[in-house]
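Quick note, the sequences are listed as chains W and E, same order. Just so we're aligned, residue 11 is where the first sequence starts under this note's numbering, counting upward by one. Just so we're aligned, residue 11 is where the second sequence starts under this note's numbering, counting upward by one. Working notes for the structure below.
There are 2 protein chains.
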Amino acid sequence: MLKSKTVTKSLECKVRITAITDTMQVLSGKWKIHILGTLLQGGKMRFMDLLREIDGIAAKMLSKELQDLEMNQLVTRTVVDTKPITVEYEVTEYGKTMEPIIDEIANWGVFYRNRLHGKTD
Amino acid sequence: MLKSKTVTKSLECKVRITAITDTMQVLSGKWKIHILGTLLQGGKMRFMDLLREIDGIAAKMLSKELQDLEMNQLVTRTVVDTKPITVEYEVTEYGKTMEPIIDEIANWGVFYRNRLHGKTD
DNA sequence: TGCATTACTTACCAATTGGAAACTAGTTTC
DNA sequence: GAAACTAGTTTCCAATTGGTAAGTAATGCA
Chain W
11 MLKSKTVTKS
21 LECKVRITAI
31 TDTMQVLSGK
41 WKIHILGTLL
51 QGGKMRFMDL
61 LREIDGIAAK
71 MLSKELQDLE
81 MNQLVTRTVV
91 DTKPITVEYE
101 VTEYGKTMEP
111 IIDEIANWGV
121 FYRNRLHGKT
131 D
Chain E
11 MLKSKTVTKS
21 LECKVRITAI
31 TDTMQVLSGK
41 WKIHILGTLL
51 QGGKMRFMDL
61 LREIDGIAAK
71 MLSKELQDLE
81 MNQLVTRTVV
91 DTKPITVEYE
101 VTEYGKTMEP
111 IIDEIANWGV
121 FYRNRLHGKT
131 D
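Here it is, written out as structure tokens:
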């Protein structure tokens, strides 16, 4: 019988797999990273700002994704008592810990495009 | 009229948004990160090794995801002329550039679990 | 001869995701 | 009084995702 490789059976690997699954779940869906990225750059933003800013998103999706992000304490929702009521969304300190991930993902994407055309390798 | 925030309309931001979308597309689906993570740790691995190693994945999914990864040149597929034919999969040098992303995602996931229970903040 | 192993593929099905459009509801402006 | 702006919610539908199970084809072993 051939000896087969076993790399994911240690506790360490299982922890890593769970960690990856957790993060991907928190960032699941088409829009969460973009909402987070936009809020990280824009600071406090209102619902309508986000709706106009994030190209292609529908109100239903924005609303649902913001609820998810709020539930995971990555953003805060604050109702402001203006003329027509407005709601401000902002990334929490905890939410800001996502920045390294988003940056790495953005960096890789740039690298990917360059490779497709540049072909330096 | 209220002045609304515009943060994603610059060329720089559009490039970033495209970059994020590209990366997420390359890593799309439930399994790609795990396959990549397993191969990064295990080096050369056969189809059946991966099938046994990656908990819960079905042959259909593994096959399809490996094809996607191969198309994007993140892994190589090599047929080995053994008794029953075997196929070896390996992460390319290019594929290894995904490591920082995977590491950040894994790190955040560990941080997330610690926060859920530890509550140091 | 028949069963096992390798690496898949195919067929079918269920659940989730996400998009369009319309609707709600309170307030303000013309 | 009508239209517009705020922040959503609701309904309905289509596409994608992913899972189970079975089938295929080549080879080796008892």
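Each residue gets a CB set at the ideal place from its N, CA and C atoms; glycine is no exception. Quick caveat: nothing in here was measured; it's all calculated off a predicted structure.
Output, in sequence order along the chain, the residues in the stretch 88 to 100 of chain E whose CB is closer than 8 Å to any CB in chain W. Within the stretch 88 to 100 of chain E, no residue has a Cβ that lies closer than 8 Å to any Cβ of chain W.
Using DSSP with H/G/I as helix, E/B as strand and the rest coil, what is residue 99 of chain W? Taking the first residue of the first sequence as 1, we reach residue 99 of chain W at position 89. Residue 99 of chain W falls in the strand class under three-state DSSP.
Inside the stretch 22 to 94 of chain E only - alpha helix (DSSP H) runs reaching at least 4 residues: 42 to 52, 57 to 63, 69 to 81
Residue 133 of chain E to residue 90 of chain W span [Cα, whole Å]: Residue numbering for chain E in the displayed model covers 11 to 131; residue 133 of chain E lies beyond these limits and cannot be assessed.
Nearest neighbour of residue 94 of chain W, chosen from W:57, W:63, W:36, W:102 [CA to CA]: Reading the first sequence from its first residue, position 84 is the one you call residue 94 of chain W. If we check each option's Cα against that of residue 94 of chain W, W:57 comes out closest.
Please classify residue 13 of chain E as buried or exposed, where buried requires at least 16 other C-beta atoms within 10 Å of its C-beta. Within the second sequence, numbered from 1, the residue matching residue 13 of chain E stands at position 3. For residue 13 of chain E, the pLDDT reaches just 46, beneath the cut-off of 50, and the residue's location in the model is therefore unreliable, although a value from the coordinates is still provided. The residue is exposed, with fewer than 16 neighbouring Cβ atoms inside 10 Å.
Please report the distance separating the alpha-carbon of residue 29 of chain W from that of residue 119 of chain W. Counting from one through the first sequence, the residue named residue 29 of chain W turns up at place 19. Counting from one through the first sequence, the residue named residue 119 of chain W turns up at place 109. If you take the alpha carbons of residue 29 of chain W and residue 119 of chain W, they lie about 23 Å apart.
Distance between residue 111 of chain E and residue 11 of chain E (C-alpha atoms, nearest Å): Numbered from 1 along the second sequence, position 1 holds the residue referred to as residue 11 of chain E. Numbered from 1 along the second sequence, position 101 holds the residue referred to as residue 111 of chain E. With a pLDDT of only 41 at residue 11 of chain E, under the threshold of 50, the placement of this residue in the model should not be trusted, and no figure is reported.
Beta-carbon spacing of residue 42 of chain W, residue 79 of chain W below 8 Å: As a first step, residue 42 of chain W must be located in the first sequence, where it is residue number 32. As a first step, residue 79 of chain W must be located in the first sequence, where it is residue number 69. Yes.
Would you tell me roughly how many angstroms separate the C-alpha atoms of residue 61 of chain W and residue 48 of chain W, rounded to the nearest one? Here residue 61 of chain W refers to the residue found at position 51 of the first sequence. Here residue 48 of chain W refers to the residue found at position 38 of the first sequence. So the two alpha carbons sit approximately 11 Å from each other.
On the DSSP letters alone, give me the boundaries of the alpha helix (DSSP H) that residue 105 of chain E sits inside. The residue labelled residue 105 of chain E in the question sits at position 95 within the second sequence. For residue 105 of chain E, there is no enclosing alpha helix (DSSP H), since its DSSP letter is neither H nor E.
Against residue 29 of chain W, what residues of chain E qualify as contacts under a CB-to-CB distance less than 8 Å, listed in chain order? Here residue 29 of chain W refers to the residue found at position 19 of the first sequence. Residues of chain E passing the Cβ test: 115, 116, 117, 118, 119, 120, 122, 123.
Residue 55 of chain W classed as buried or exposed, judged by whether at least 16 other C-beta atoms fall within 10 angstroms: Mapped onto the first sequence, residue 55 of chain W falls at position 45. Buried: at least 16 other Cβ atoms inside 10 Å.
How long is the line joining the alpha carbons of residue 116 of chain E and residue 27 of chain W, rounded to whole angstroms? As a working mapping, residue 116 of chain E is identified with position 106 in the second sequence. As a working mapping, residue 27 of chain W is identified with position 17 in the first sequence. Between residue 116 of chain E and residue 27 of chain W, the C-alpha separation is close to 8 Å.
Return no unless some Cβ of chain E is closer than 8 Å to the Cβ of residue 44 of chain W. Residue mapping note: residue 44 of chain W aligns to position 34 of the first sequence, counting from 1. So, interface residue.
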